[in-house]
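Written out below as structure tokens is the structure these notes cover.
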Amino acid sequence: MQLQTQISGITHPLIKNMFLKRSFSNDDRISNVLVIDTLGHINSNTVSESLGLFDLLTDLPAIRHQIEEKFGHFDAVDIRQH
Numbered sequence: 007m008q009l010q011t012q013i014s015g016i017t018h019p020l021i022k023n024m025f026l027k028r029s030f031s032n033d034d035r036i037s038n039v040l041v042i043d044t045l046g047h048i049n050s051n052t053v054s055e056s057l058g059l060f061d062l063l064t065d066l067p068a069i070r071h072q073i074e075e076k077f078g079h080f081d082a083v084d085i086r087q088h
């Protein structure tokens with residue numbers, strides 16, 4: 007079973023959408039994952055797009071801190087691009 011909590015009030019120029027996904031396994035373990043949907047294709051071979059990914063990864067500790075203050079601890083980060 008999975009539950010999702012939309013993250014609002016925390017923004018970044020390269021992030022389109024963020025949510026926390028809570029998964030419950032059969033052995034009663036709970037996994038909390040921050041899912042980040044990026045704007046465009048930032049994981050690419052071009053220099054400017056690679057710098058965009060670098061910027062996002064550099065800002066990730068601050069983003070993580072803000073989200074954990076507002077929504078609680080999470081175990082992992084999943085960065086997706088569309």
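Note that my numbering has the sequence shown beginning at 7, numbered continuously upward.
Cβ atoms here follow ideal geometry from the backbone N, Cα and C, with glycine treated the same way.
In the DSSP assignment, LYS27 forms a beta bridge with GLN10 and VAL39.
A Cβ-Cβ contact shorter than 7 Å links LEU45 with LYS22.
In the three-state DSSP reduction, ASP84 falls in the strand class (E or B). Per DSSP, reduced to three states, the secondary structure at ILE73 is helical. By the C-beta density criterion, ILE36 is exposed, having fewer than 16 other C-beta atoms within 10 angstroms.
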